[in-house]
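There are 2 protein chains.
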Amino acid sequence: MKNLKLKSARAAKDLSQGDLAQMCGVSRQTINAIEKGDYNPTINLCIAICKALGKTLDELFWEDEKDER
Amino acid sequence: MKNLKLKSARAAKDLSQGDLAQMCGVSRQTINAIEKGDYNPTINLCIAICKALGKTLDELFWEDEKDER
DNA sequence: ATTATTTGTAAAATATACTTGACATAGTGT
DNA sequence: ACACTATGTCAAGTATATTTTACAAATAAT
Numbered sequence: 025m026k027n028l029k030l031k032s033a034r035a036a037k038d039l040s041q042g043d044l045a046q047m048c049g050v051s052r053q054t055i056n057a058i059e060k061g062d063y064n065p066t067i068n069l070c071i072a073i074c075k076a077l078g079k080t081l082d083e084l085f086w087e088d089e090k091d092e093r
Numbered sequence: 025m026k027n028l029k030l031k032s033a034r035a036a037k038d039l040s041q042g043d044l045a046q047m048c049g050v051s052r053q054t055i056n057a058i059e060k061g062d063y064n065p066t067i068n069l070c071i072a073i074c075k076a077l078g079k080t081l082d083e084l085f086w087e088d089e090k091d092e093r
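These protein sequence lines map, in sequence, to chains X and U.
Here the first sequence is numbered in my numbering, starting from 25 and rising by one per residue.
Here the second sequence is numbered in my numbering, starting from 25 and rising by one per residue.
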């Protein structure tokens, strides 16, 4: 369950995973794992990502998640 | 930095913190802490809360968070 | 061919989300 | 007065998000 909306919003701004990670204050692996769908970030990180990419929560994280907790 | 949108959306459905917790599969204290603003839930939990209350992420969790990470 | 950048992935350590159990308080009803 | 429900809070434990270090593979450029 990859997050392709995130991946494409990042591509649209021509940012690498490392760039975005730095803008959000997290590690590159964290961004990678989120795009890959491996886990379940905190909402504050999601908000930081949204602000870095000029999107809202609904645009990047709503729908197509139906996992546990 | 309380989450009053959540508190009022819950009240609008006449649910106790315990009721909502049960619908989301978490403990009552977790809901209490989120409303109180103590922490930083995961996005999957936010999504579960939104679905239980018939709201979207933007409606309950966007704006007025400016904390760390 | 080689250098540089990006991405995918993994294991060990640390920070923190979340649970369980418990107690105190306020409100509502009998 | 007593029972009941909802909320606020705390301390100790467990689960998991996130970091750090590291390595391999793919792409683009020279």
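All C-beta atoms in this analysis are idealised placements derived from N, C-alpha and C, irrespective of residue type, glycine included.
Bear in mind the structure is a predicted one, so any value in this text is a computation, not a measurement.
Proximal chain X residues relative to residue i, where beta-carbon distance stays under 9 Å
i: T80 (chain U); result: L81, D82, W86
Closest Cα partner of residue i within the set the options
i: A35 (chain U); options: U:E59, U:A72, U:V50, U:S51; result: U:E59
i: A72 (chain U); options: U:E87, U:A33, U:G42, U:G49; result: U:G49
i: A45 (chain X); options: X:W86, X:D82, X:K79, X:C70; result: X:C70
i: K26 (chain X); options: X:L81, X:I67, X:W86, X:D62; result: X:D62
i: C74 (chain U); options: X:K75, X:D82, X:N68, X:C74; result: X:D82
Beta-carbon separation (whole angstroms), residue i vs residue j, contact threshold 8 Å
i: L77 (chain X); j: K31 (chain X); result: With a Cβ gap of about 11 Å, L77 (chain X) and K31 (chain X) do not count as contacting.
Residues that residue i contacts on chain X, provided the C-beta gap is smaller than 8 Å
i: T66 (chain U); result: N64, P65, T66, I67, R93
Residue i burial status per 10 Å Cβ neighbour count (16 or more: buried)
i: N56 (chain U); result: exposed
i: L84 (chain U); result: buried
i: L28 (chain U); result: exposed
Coarse secondary structure for residue i, derived from DSSP in three states
i: T54 (chain U); result: helix
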